[in-house]
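Notes to accompany the following structure.
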Amino acid sequence: MKYFSCYWYNRKIFYIKETKVKIVVIQGPNLNMLGHREQNIYGPMKLEEIHGQMEAVAKQNGTEIEFFQTNLEGEIVDKIQECLGDADGIILNPAAYSHTSIAIRDAIAAVNLPTIEVHISNIYRREDFRAKSMTAAVSTGVISGFGPFGYHLAMISLLQILGEMEAMEVAQKKQEEESAKA
Ligand code: DQA
Numbered sequence: 002m003k004y005f006s007c008y009w010y011n012r013k014i015f016y017i018k019e020t021k022v023k024i025v026v027i028q029g030p031n032l033n034m035l036g037h038r039e040q041n042i043y044g045p046m047k048l049e050e051i052h053g054q055m056e057a058v059a060k061q062n063g064t065e066i067e068f069f070q071t072n073l074e075g076e077i078v079d080k081i082q083e084c085l086g087d088a089d090g091i092i093l094n095p096a097a098y099s100h101t102s103i104a105i106r107d108a109i110a111a112v113n114l115p116t117i118e119v120h121i122s123n124i125y126r127r128e129d130f131r132a133k134s135m136t137a138a139v140s141t142g143v144i145s146g147f148g149p150f151g152y153h154l155a156m157i158s159l160l161q162i163l164g165e166m167e168a169m170e171v172a173q174k175k176q177e178e179e180s181a182k183a
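Listed below in structure tokens is the structure:
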């Protein structure tokens, strides 16, 4: 069991979540090469190290976390679809597919789960073709240009969003109960 605190109409609401929050982290093509590929852009950190840090944050927050990396577009689509009914939120770096994939964009829209898009580099200060992300428009938010720390920012943002969603549900339920009594 995990306690969350949320601010809702300036009142602090504490509530208990019965089940653990689950986040799925999906990493697209060539991100398995982090630590080796273009270190001047992506830095020296390996993907396993980034995931290790995320795992530690998840543990601190009592959150379940799953990691998935693939170089294949269809496997990203499959994994996003699998999140429906299994996960509460997604952290996704579609990598090069961000700029091309309508299929991934449609999958994000289809599952309709809070989804944070992460880019290690600032895609807006690189080549022109990177400045357009097909997937960003259907994501809840985008974090770009903060290096591997962007994944940490994505985690705390996603946990905040999930907490607020849950608080909203609790507040709504309470309102319904009160109006049923009246
Ligand atoms: C990236 C940016 C993309 O343009 C690129 O194709 C990647 C990584 C990033 O994390 O900065 O592979 O998504």
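Every position in the sequence shown, counted from 1, becomes a number in this note's numbering once 1 is added. Every residue, glycine too, gets a C-beta built ideally from N, C-alpha and C.
The beta carbons of I105 and Y98 sit closer together than 7 Å. Assignment of K23 by DSSP, reduced to helix, strand and coil, places it in the strand class. Residue environment analysis places S145 among the buried positions, since at least 16 neighbouring C-beta atoms fall within 10 angstroms of its C-beta.
Secondary structure of E67 (DSSP, three-state): strand. According to DSSP, residue pairing for G36 in a beta bridge does not occur.
In this structure, the ligand DQA has a non-hydrogen atom nearer than 6 Å to the beta-carbon of I124.
Distances between the C-beta of A155 and the heavy atoms of the ligand DQA are all 6 Å or more. Taking K23 as the centre and dropping the five residues before and after it, the same chain places the C-beta of E65, A88 and D89 closer than 6 Å to its C-beta, in chain order. Taking a 10 Å sphere around the C-beta of L85, we find fewer than 16 other C-beta atoms and assign the residue as exposed. For G151, the uninterrupted alpha helix (DSSP H) run begins and ends at F150 to K182, by DSSP. In this structure, the ligand DQA has no non-hydrogen atom nearer than 6 Å to the beta-carbon of N72.
As DSSP reads the structure, Q28 sits in a beta bridge with Q70 and N94. Membership of G53 in the alpha helix (DSSP H) is indicated by the continuous run L48 to Q61.
In the structure shown, the three-state DSSP call for I121 is coil.
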